[in-house]
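As structure tokens, the structure follows; a few thoughts come after it.
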Amino acid sequence: MGRYIARRLLIAIPTVIGVFLAVYFIIRLIPGDPAAIMLGAKATDEQIEMFRRQQGLDEPLSVQLGIALRNFMTGDLGVSIVSKRPVMALILERLPRTVELALWGIGLASVTGVILGVTAAVFRGRWPDYLITGASTLGMSLPSFYIALMLLTLFAVQLRWIPVIAVEGPGVSRFKTLFAPVLTMVIGNSALTLRTTRSSILEIMRENFIKTARAKGLDEWAVLFRHALKDAAIPIITVIGYNLAGCFGGAIIIETVFSRPGIGLLLIDAVNARDYAVVQGTSAFISIALIAVNLLTDAVYGLVDPRIRVEAAGG
Amino acid sequence: MRHGLCGLFGKILPMIAALAILSGCAGNRASDSIAAASTSPSAGEPVQSASENSGETEAPEQVLKIARDFEGASFDPAAATTANDYMFAPMVFERLLTYDSDFIIQPMLAEEWAVSEDRLAYTFKLRKGVQFHRGYGELTSGDVKFSFERLADPELNAASNYANLGVENMASIETPDNYTVVITLKEEDPNFLIKTATYYGNIVSQKAFEDIGGQKFGVMPVGTGPFECVEGAILGERNEVIRFEDYWGEKALLDRMTFQLVSEPGTMFNAFEAGEVDLINITDYDKLEQYRSQPEKYNIYMVTSRSMLYVGNNMALEPFTDARVREAMFYAIDRDSLINDFYLGFPNPARSILPSTSMFSIDDYWDPEYDLEKAKRLLAEAGFPNGFTTEFYCPNDSISMGPATIIQSQLASAGINAQLQTVDFGVFLDKVRAGEAPLWLLFNDTNIVPDNTLSRYTSEYYPGSNWSGIMDADYDAAVKAALSETDESKRAALYADAQRKLIDMKAVYTVCDSEGYNVTAAKVKGFDFSADLTIRFDKVYITE
Chain A
1 MGRYIARRLL
11 IAIPTVIGVF
21 LAVYFIIRLI
31 PGDPAAIMLG
41 AKATDEQIEM
51 FRRQQGLDEP
61 LSVQLGIALR
71 NFMTGDLGVS
81 IVSKRPVMAL
91 ILERLPRTVE
101 LALWGIGLAS
111 VTGVILGVTA
121 AVFRGRWPDY
131 LITGASTLGM
141 SLPSFYIALM
151 LLTLFAVQLR
161 WIPVIAVEGP
171 GVSRFKTLFA
181 PVLTMVIGNS
191 ALTLRTTRSS
201 ILEIMRENFI
211 KTARAKGLDE
221 WAVLFRHALK
231 DAAIPIITVI
241 GYNLAGCFGG
251 AIIIETVFSR
261 PGIGLLLIDA
271 VNARDYAVVQ
281 GTSAFISIAL
291 IAVNLLTDAV
301 YGLVDPRIRV
311 EAAGG
Chain B
1001 MRHGLCGLFG
1011 KILPMIAALA
1021 ILSGCAGNRA
1031 SDSIAAASTS
1041 PSAGEPVQSA
1051 SENSGETEAP
1061 EQVLKIARDF
1071 EGASFDPAAA
1081 TTANDYMFAP
1091 MVFERLLTYD
1101 SDFIIQPMLA
1111 EEWAVSEDRL
1121 AYTFKLRKGV
1131 QFHRGYGELT
1141 SGDVKFSFER
1151 LADPELNAAS
1161 NYANLGVENM
1171 ASIETPDNYT
1181 VVITLKEEDP
1191 NFLIKTATYY
1201 GNIVSQKAFE
1211 DIGGQKFGVM
1221 PVGTGPFECV
1231 EGAILGERNE
1241 VIRFEDYWGE
1251 KALLDRMTFQ
1261 LVSEPGTMFN
1271 AFEAGEVDLI
1281 NITDYDKLEQ
1291 YRSQPEKYNI
1301 YMVTSRSMLY
1311 VGNNMALEPF
1321 TDARVREAMF
1331 YAIDRDSLIN
1341 DFYLGFPNPA
1351 RSILPSTSMF
1361 SIDDYWDPEY
1371 DLEKAKRLLA
1381 EAGFPNGFTT
1391 EFYCPNDSIS
1401 MGPATIIQSQ
1411 LASAGINAQL
1421 QTVDFGVFLD
1431 KVRAGEAPLW
1441 LLFNDTNIVP
1451 DNTLSRYTSE
1461 YYPGSNWSGI
1471 MDADYDAAVK
1481 AALSETDESK
1491 RAALYADAQR
1501 KLIDMKAVYT
1511 VCDSEGYNVT
1521 AAKVKGFDFS
1531 ADLTIRFDKV
1541 YITE
């Protein structure tokens, strides 16, 4: 397993560099001069030229690429042309909020999804199943910004249980700032986990070894939790990993509605401002996070199914 | 041994919880430090809010909570470029001079000033005893010299303020003593005094900048204003200022102000209506109407900004090379309908090519007529009896798309099929600066000294800042004459002449002045604006 992870880490290096280079060129293909955007519409030509000169934006593309790549290989993600602050400092400033939201949101969404999925599978064809799958359809259908705004209106504006601006501060507890954003993520992300759990359980329950377990006299709960769930775990873990990976850049809607500036908002603001270094650095950081989550998912596979561990070690 | 899913979750959930707690502790640093900074000294410097320091009665703390929808990248005034930067900056920083509503120069950090006979040397006598925030000592002439010269630093993103203050035209800045600054210009600049009275010339502490460092200074800068920054600010998120107890003038009434960035308008309105913030800036006229209908709960304050709604054509592109086509376009726009129906009558119609709050703006020459029949007749004379199709560019933001859609339909009534191209702001700038936008629309700012706005339409700036492709030698000469005239008695007439020539070319149509509407909770009193259109937070107080 260790060799497998080491091999995956080695493959990750060219992947991250590839992401960096791809983003480097793509962001520069987007029309829009960062100097003009930064200084605004009333800036004169002389002011724009001065800004470009000061920020090195008048250098040839190849020179800019060389500098950026050299810095990147030494761990320097560059400096924001907008704020003049190191990109890594900007990311680290925003990261805790994103990680906090992602872990609580995906954690609770996963637990909720699995429990409800198992319940739906157990009560297949009866009203609990219809209720749960119907709710999951709603959760998957509603856009996240709609869910966020509805929760905000209900809990913050109508009931006044939580603050509208979900940022901790004097007199505002952590729980209150997380409640609505996390609930938004749970509603949106648990649906897929729920559906996957339900279908996986139903498929496993038709297998012969389940019949054998029942024939041995095991009660239904033991059949379900000691035998069926173990085999149903792989696709469920895949979905959870997919949801977690998507959080790092995909939480921008929640970050915007609840005014919780995180990595997603950092990236979109940087794209709008053509802040090249921040876009490159943040994209590279997100790709590293995605690779880490995928590795974690693979490692969890091995924990759940030793056959995967053996194949990975031998491969 | 195989592990069940339940056992797996039993292992993973504690790890997730631990990670969340760790991340939460990290995320809590900002809030803790703001809370701590409000009640305890910053590093090495005794800073306490008045209510905690007074030891007097238990009067409720006067705290004004402000939400704003956009924030610049730095609180360092050298890097300020956005309207919100300027709204925040004046209460933390001050300039050598200021001006009143008639643009008459008034003293501020400089008590006296004198201009040499050749109008190249300006001598300023500083007010004595003015203190910088956070114990950084008394204002001296060295701080003024530092504040101006540092605008050339490429690390500060100060290109705008460097140019607008005219630093390049400064041959030297001398400090013969601690309270005297002598600035010698390379060339005469009749607008120099008023430039030093604007936010381009904000004065900061040299000692603080060198002590704190550029990046941290951008988060917690040090000035001389009635409010000072506290630690714990997070750019792009929140910051806080407290009353400066050693302010040289009349102390502010508020104890603290908190600023929260809320980019989503719905969230901002909800937070305001829930009482989480006390002051917002609003551009949604329907929402404004709602607040106006509840005077017992909300106060509304309007200030006419130096921003206007511009609609332009590019007279270097067909068919706008024909003056009749441009005139037809102007006749096709029903400005009154746009202002009354779309803007619900709030803004004032534009009276010139310059906003009414800019120097030298005229108000007796621009009053466009709406006449659909004249528009159609002119188009027919120009060879377009059935109209023509063209492209109409505007940024894809909420304040531009609305009026652009209205004007598009108005032009269509005359036969001008303007295909609306709502694009990202960066793409919009690319298009107009490249001279590729036959029609364009934008809310744009003008400085108090309108030189940039007038000169951008001269020949040398096409393509570039001259979005309308104007290449008219008469206009070029008129602008040059206005900008170079040093005789005060002649300047107004020359600026007026340049404006009339620009209006006559029918390349730029101004719709209305842009008004800024600030809405406060009813408990907020004393709200007022200074002549430079910024909020006088030092006069604001809270009632219960």
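Heads up: the protein sequence lines correspond to chains A and B, in order. Residues in the first sequence are numbered from 1 upward in steps of one, following my numbering. Residues in the second sequence are numbered from 1001 upward in steps of one, following my numbering. Yeah, the Cβ is synthetic: ideal placement off N, Cα and C, and Gly gets one too.
- The DSSP-derived three-state label of ALA1418/B is strand.
- No Cβ of chain A is located within less than 8 Å of the beta carbon of THR1140/B.
- Approximately 6 Å separates the beta-carbon atoms of GLY1142/B and THR1175/B; this is inside 8 Å, confirming the contact.
- For ASN1270/B, there is no enclosing beta strand (DSSP E); the enclosing alpha helix (DSSP H) has its first and last residue at 1265-1273.
- Residues are counted here when their Cβ sits less than 9 Å from a Cβ of chain B; for the region 13-45 of chain A these are ILE30, PRO31, GLY32, ASP33, PRO34, ALA35, ALA36, ILE37, MET38, LEU39, GLY40, ALA41, LYS42, ALA43, THR44 and ASP45, given in chain order.
- Interface with chain B (8 Å Cβ-Cβ cutoff): GLU203/A is excluded.
- Of all residues in the region 1228-1251 of chain B, only ILE1234, LEU1235, GLY1236, GLU1237 and ARG1238 place a beta-carbon less than 8 Å from a beta-carbon of chain A.
- A Cβ of chain B is located within less than 8 Å of the beta carbon of MET50/A.
- Identification of residues in the region 1420-1443 of chain B having a C-beta nearer than 7 Å to some C-beta of chain A yields ASP1424, PHE1425, GLY1426, VAL1427, LEU1429, ASP1430, ARG1433 and LEU1442, given in sequence order.
- Under a criterion of Cβ atoms nearer than 8 Å, the residues of chain A adjacent to SER1074/B are, in order, SER83 and LYS84.
- Judged by DSSP in its simplified three-state form, ARG1068/B adopts strand.
- In terms of beta-carbon proximity, ASN1270/B lines the interface with chain A, with at least one pair separated by less than 8 Å.
- Judged by their CB atoms, ALA1414/B and ALA1375/B are nearer to each other than the 8 Å cut-off.
- Between LEU65/A and TYR24/A, the alpha-carbon positions lie close to 8 Å from each other.
- Between the region 110-120 of chain A and the region 1237-1256 of chain B, the count of Cβ pairs shorter than 8 Å is below three; the stretches do not touch.
- Interface criterion met: the Cβ of GLY1464/B is under 8 Å from a Cβ in chain A.
- Cβ contact annotation for VAL300/A (same chain, cutoff 6 Å, sequence separation greater than five): ILE237, in chain order.
- ILE1542/B is positioned such that its CB atom lies no closer than 8 Å to that of TYR1365/B.
- Below the 8 Å Cβ cutoff, chain B contributes no neighbours of SER199/A, its closest Cβ being approximately 15 Å away.
- The continuous beta strand (DSSP E) containing MET1170/B extends over residues 1170-1177.
- In this structure, ALA273/A is the residue among GLY78/A, VAL278/A, ALA273/A and GLY302/A with its C-alpha nearest to the C-alpha of LEU1429/B.
- Among the residues facing chain A, GLU1276/B is included, as its CB has a counterpart in that chain under 8 Å away.
- With a threshold of 8 Å between beta carbons, PRO1154/B makes contact with chain A.
- Here SER1459/B has MET1471 and ASP1476 as same chain residues with Cβ atoms under 6 Å from its own Cβ, once five neighbours each way along the sequence are excluded.
- With contacts defined as CB atoms closer than 8 Å, LEU194/A and LEU142/A fail to qualify as a contacting pair.
- PRO163/A is not a Cβ neighbour of THR196/A, given a cutoff of 8 Å.
- Three or more Cβ pairs closer than 8 Å define a contact, and the region 171-184 of chain A falls short of that threshold against the region 124-137 of chain A.
- Here ASN1157/B is buried, its C-beta having at least 16 other C-beta atoms within 10 Å.
- Short of 7 Å from the beta carbon of TRP161/A, and not among the five residues preceding or following it, lie these beta carbons of its own chain, in chain order: PHE155.
- ASP1076/B: not part of any alpha helix (DSSP H); DSSP gives it neither H nor E.
- Excluding the 5 residues flanking it on each side, ALA1078/B has same chain C-beta neighbours closer than 7 Å at ARG1150, LEU1151, LEU1156, ALA1158 and ASN1161, in chain order.
- Between the alpha carbons of ALA35/A and ALA270/A lies a gap of roughly 13 Å.
- Distances from the alpha-carbon of ILE1194/B to those of GLY1464/B, LEU1454/B and VAL1449/B put VAL1449/B closest.
- Here ARG1433/B is buried: its Cβ has 16 or more other Cβ atoms, across all protein chains shown, within 10 Å.
- Cβ contact annotation for ASP305/A (same chain, cutoff 7 Å, sequence separation greater than five): ILE234, in chain order.
- Taking 8 Å as the cut-off, the Cβ atoms of ILE201/A and ALA102/A do not count as close.
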